[in-house]
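Undergrad: Numbering (this note's numbering), first residue to last: 45 to 194. All C-beta atoms in this analysis are idealised placements derived from N, C-alpha and C, irrespective of residue type, glycine included. Submitted below is the structure of interest, expressed as structure tokens.
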């Protein structure tokens with residue numbers, strides 16, 4: 045699996061640590077920025093990553109900013125995307141198992157590096173469980189299509 049990763053300047057350090065962790069896990073990635081010293085608008089990074097995922101270029105992605113919230117809000121504006129802020133093991137598991145989220149959003153100012161790495165491990169081990177959640181995700185997709193005509 046090859047993923048996309050992106051950050052703003054508030055989470056550059058976290059992104060670097062995550063990329064090292066992905067290297068250790070053998071997970072390939074493309075970096076959508078920001079680079080060291082860059083000042084970027086997180087919506088631009090989130091949009092680029094979310095579009096790449098929506099177009100099928102990547103199965104999953106990780107976005108980081110100060111809290112993860114802004115990246116998540118922006119990514120979810122792209123049709124077909126389900127992004128989730130992940131801040132503990134339970135929310136991380138549910139983002140995949142119940143909601144089939146393709147994009148994980150993390151906040152450097154909210155969680156530490158070691159917790160981020162642990163959550164990434166959990167996120168990559170989890171798959172969509174279907175079952176009772178399948179009709180809910182289907183309905184999310186229907187609502188998405190209703191308001192986002194491509």
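(1) Taking 8 Å as the CB-CB limit, is residue 161 close to chain C?
(2) What would DSSP say about residue 75, mapped onto helix, strand or coil?
(3) Kindly provide the ranges of any alpha helix (DSSP H) runs that are 4 or more residues long and lie completely inside the region 126-158, ordered along the chain.
(4) Relative to the C-alpha of residue 58, which residue among 70, 81, 108, 47 is closest?
(5) Measuring CB atoms only, is the region 79-88 touching the region 47-61, in the sense that at least three cross pairs come out at less than 8 Å?
(6) If you reduce the DSSP assignment to three classes, tell me which class residue 108 lands in.
(7) Within a Cβ cutoff of 7 Å, which residues of the same chain sit near residue 166, ignoring the five residues on either side of it in sequence?
(8) Is residue 47 near residue 102, with beta carbons less than 8 Å apart?
(9) Is the separation between the beta-carbon of residue 65 and that of residue 187 shorter than 8 Å?
(10) By DSSP's criteria, residue 48 is part of a beta bridge. Which residues make up the other side?
(11) So residue 140 and residue 171 are in contact, right, with Cβ under 8 Å, and what is the actual spacing, rounded?
(12) Residues in its own chain within less than 6 Å of residue 120 by CB, not counting five upstream and five downstream?
(13) Tell me whether the beta-carbon of residue 153 lies closer than 8 Å to the beta-carbon of residue 114.
(14) Less than 8 Å between the beta carbons of residue 95 and residue 105, yes or no?
(15) Which whole-angstrom value describes the C-beta separation of residue 181 and residue 144, a residue pair presumed to lie in contact below a C-beta threshold of 8 Å?
(16) With residue 170 as the anchor, note down where its alpha helix (DSSP H) starts and where it stops.
TA: To lay it out plainly:
(1) Considering every chain present, this structure includes no chain C. It has just one protein chain.
(2) The answer is strand: DSSP assigns residue 75 an E or B state.
(3) As far as the region 126-158 is concerned, its whole alpha helix (DSSP H) runs of at least 4 residues are 133-141.
(4) Per the Cα distances, 108.
(5) The region 79-88 is in contact with the region 47-61.
(6) In the structure shown, residue 108 sits in a strand (DSSP, three-state: E or B).
(7) Closer than 7 Å at Cβ, skipping near neighbours: 133, 136, 137.
(8) Yes, the Cβ-Cβ distance between residue 47 and residue 102 is below 8 Å.
(9) No, the pair does not count as a contact, with Cβ atoms beyond the cut-off.
(10) In DSSP, residue 48 forms a bridge with 74, 105.
(11) Their Cβ separation, rounded to whole angstroms, is 6 Å, which keeps residue 140 and residue 171 in contact under 8 Å.
(12) Cβ-Cβ distances below 6 Å link residue 120 to 127 in the same chain, with the five nearest sequence neighbours on each side left out; the list follows chain order.
(13) Between residue 153 and residue 114, the CB-CB gap reaches or exceeds 8 Å.
(14) Contact: no.
(15) Yes, residue 181 and residue 144 are in contact; Cβ-Cβ is about 5 Å, under 8 Å.
(16) Premise fails: residue 170 is in no alpha helix (DSSP H) and is neither H nor E.
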